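Asks: Numbering (full-length UniProt numbering), first residue to last: 1 to 226.
We treat Cβ as the ideally placed atom computed from N, Cα and C, and that holds for glycine.
Owing to the predicted nature of the structure, the values given are computational and were not obtained by experimental measurement.
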Amino acid sequence: MSFLRTLFSGKKVLITAGPTYEPLDPVRFIGNHSTGKMGFALARKLAEEGAEVYLVAGPTALTLKHPLVHLTHVMTADEMYAACAQKAPETDLWIFAAAVADYKPKDTATSKIKKTDASFTIELVKNVDIAANLGKEKRTDQFAVGFALETDQELENARGKLHKKNLDMVVLNSLRDPGAGFKHDTNKITIVKANTVEGYNLKAKDEVAQDILESIKVEWACLQKK
Ligand code: CTP
Ligand code: CA
1 MSFLRTLFSG KKVLITAGPT YEPLDPVRFI GNHSTGKMGF ALARKLAEEG AEVYLVAGPT
61 ALTLKHPLVH LTHVMTADEM YAACAQKAPE TDLWIFAAAV ADYKPKDTAT SKIKKTDASF
121 TIELVKNVDI AANLGKEKRT DQFAVGFALE TDQELENARG KLHKKNLDMV VLNSLRDPGA
181 GFKHDTNKIT IVKANTVEGY NLKAKDEVAQ DILESIKVEW ACLQKK
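#1: Tell me the start and end of each unbroken alpha helix (DSSP H) in the stretch 24-88 that is at least 4 residues and wholly inside, in chain order.
#2: Starting from the C-beta of ASN157, find all residues in its chain whose C-beta is less than 7 Å away, skip the five residues before and the five after it, and write them out in chain order.
#3: Distance, Cα to Cα, THR108 vs GLY31?
#4: Exposed or buried, what is MET1 when buried is set at 16 or more other beta-carbons lying within 10 Å of its beta-carbon?
#5: Taking one C-beta from the stretch 32-47 and one from the stretch 112-127 each time, how about it: are there three or more such pairs within less than 8 Å?
#6: State buried or exposed for SER174, treating a residue as buried only when at least 16 other CB atoms are found within 10 Å of its CB.
#7: Just the Cα atoms here: how many angstroms apart are LEU167 and ARG28?
#8: Quick one, which of GLY39, HIS70, ARG159 has its alpha-carbon nearest LYS193's?
#9: Find the nearest neighbour of GLU90 within the set GLU79, VAL218, ARG139, judged by alpha-carbon distance.
#10: With distance defined between alpha-carbon atoms, name the residue in THR16, GLY39, LYS165, GLU22 nearest to LYS205.
#11: DSSP three-state call for PHE93: helix, strand or coil?
#12: Give the range of the beta strand (DSSP E) segment to which LYS126 is assigned.
#13: Would you say the beta carbon of TYR102 is closer than 7 Å to some non-hydrogen atom of ligand 1?
#14: If I'm right that LEU93 touches PHE143 with Cβ under 8 Å, what's the distance once you round it to whole angstroms?
#15: Verify the contact flag: VAL13, CB atom, against every heavy atom of ligand 3, threshold strictly below 7 Å.
#16: Does the beta-carbon of ALA209 have 16 or more other beta-carbons within 10 angstroms, so that it is buried, or is it exposed?
#17: Per DSSP, what kind of secondary structure is LYS115 in: helix, strand or coil?
#18: Could you tell me if the beta carbon of THR16 falls within a distance shorter than 7 Å of some heavy atom in ligand 1?
#19: Is GLY146 near ligand 1, judged by its Cβ being under 7 Å from some heavy atom?
#20: Give me the residue from LEU124, PRO105, GLY199 with the minimum Cα distance to ILE212.
#21: Using only CA atoms, which one of VAL53, ILE189, ALA57 lies nearest to LYS37?
#22: Take the Cβ of LYS126 as the centre, count every other Cβ of all protein chains shown within 10 Å, and call the residue buried at 16 or more, exposed below.
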């Protein structure tokens, strides 16, 4: 078995997956359409290659049973951050596949908000940026992967995220590509690294996960040789 094939064996990996739900009251929330499929597919493949995986998932219908996968369920961005911050120092690879809500309601009502005749305004405040915050503490022996879903100026935005969040790689999804995005079982990605950009064909999400892992291996192996 080559060095690259065994690169993940024995490594510890932190993965975020799915959406986050930000509660307005006990029965309502602000969320998004993320299914968690990409994060879960990456978790399963990494475990099959012998990595110990800490999967932190927002609300999703998916589950994953594998002796090397430790699944933690969370609801909000704050809960996801707390779970990740605990595991970040001891993990070698971070993959931020979650669609974290950028904002949350400023206040959460403890009782159900009742309808009135007046219009209703929700004040939102910024959520913690999990990738950016953990990125500040990233050591040179750790490797971080982020995702970016863009509609305009895709490459420029992806490169911006690479630098701002101290990521080693960004997996870019363009919503302009037919067959890509939340509602499909297929995806078309572009992998953006500090010095390279590589486009891939439209593929099943499971195959996309394999392409992402191969690309991580190549880049990570290069960094480890430095
Ligand atoms: N991310 C995160 N915490 C957040 C927001 C994003 O960890 N609060 C991570 C995502 O999991 C993804 C990367 O950061 O890996 C980029 O997310 P994205 O939503 O594309 O970028 P934002 O920085 O939130 O910018 P915008 O939504 O305005 O494009
Ligand atoms: Ca965002």
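Replies: This is what the structure gives:
#1: 37-48, 77-87
#2: In the sequence shown, residue 157 corresponds to position 157, counting from 1. Once the five neighbours on either side are set aside, the close Cβ partners of ASN157 are ALA148, GLU150.
#3: Looking up residue 108 in the sequence shown gives position 108. Looking up residue 31 in the sequence shown gives position 31. Those two C-alpha atoms are separated by around 14 Å.
#4: The residue labelled residue 1 in the question sits at position 1 within the sequence shown. Confidence at MET1 is low in this model, with a pLDDT of 48, below 50, so the placement of that residue should be treated as unreliable; the coordinate-derived value is given next. MET1 should be labelled exposed.
#5: no
#6: For the purposes of this step, residue 174 is taken as the residue at position 174 of the sequence shown. Answer is buried; the Cβ neighbour count reaches 16.
#7: For this step, residue 167 is matched to residue 167 along the sequence shown. For this step, residue 28 is matched to residue 28 along the sequence shown. The straight-line gap from Cα to Cα measures roughly 33 Å.
#8: In the sequence shown, residue 193 corresponds to position 193, counting from 1. If we check each option's Cα against that of LYS193, ARG159 comes out closest.
#9: Residue numbering aside, residue 90 sits at position 90 when the sequence shown is read from its first letter. Measuring from the Cα of GLU90, the nearest candidate turns out to be ARG139.
#10: Taking the first residue of the sequence shown as 1, we reach residue 205 at position 205. Out of THR16, GLY39, LYS165, GLU22, GLY39 has the C-alpha closest to the C-alpha of LYS205.
#11: Start at 1 with the first residue of the sequence shown, and residue 93 comes out as number 93. Per the sequence presented here, residue 93 reads as Leu, with Phe not at that position. Note: LEU93 maps to strand in three-state DSSP.
#12: The residue labelled residue 126 in the question sits at position 126 within the sequence shown. LYS126 -> beta strand (DSSP E) spans 124-126.
#13: As a working mapping, residue 102 is identified with position 102 in the sequence shown. Here residue 102 turns out to be Asp, not Tyr, going by the sequence shown. For ligand 1, at least one heavy atom lies less than 7 Å from the Cβ of ASP102.
#14: Here residue 93 refers to the residue found at position 93 when the sequence shown is read from its first residue. Here residue 143 refers to the residue found at position 143 when the sequence shown is read from its first residue. With a Cβ gap of about 5 Å, LEU93 and PHE143 count as contacting.
#15: Ligands displayed in this structure: ligand 1 and ligand 2; ligand 3 is not among them.
#16: Numbered from 1 along the sequence shown, position 209 holds the residue referred to as residue 209. Classification for ALA209: buried.
#17: Locating residue 115 in the sequence shown gives position 115, where the first residue counts as 1. Coil at LYS115, not helix or strand.
#18: Numbered from its first residue, the sequence shown carries residue 16 at position 16. Result yes, Cβ under 7 Å from ligand 1.
#19: As a position in the sequence shown, residue 146 is number 146, starting the count at 1. Correct: GLY146 has its Cβ closer than 7 Å to ligand 1.
#20: Taking the first residue of the sequence shown as position 1, residue 212 is located at position 212. The residue with the shortest Cα to Cα distance from ILE212 is GLY199.
#21: Within the sequence shown, the letter at position 37 stands for residue 37. With distances taken between Cα atoms, LYS37 lies closest to ALA57.
#22: Within the sequence shown, numbered from 1, the residue matching residue 126 stands at position 126. Result: exposed.
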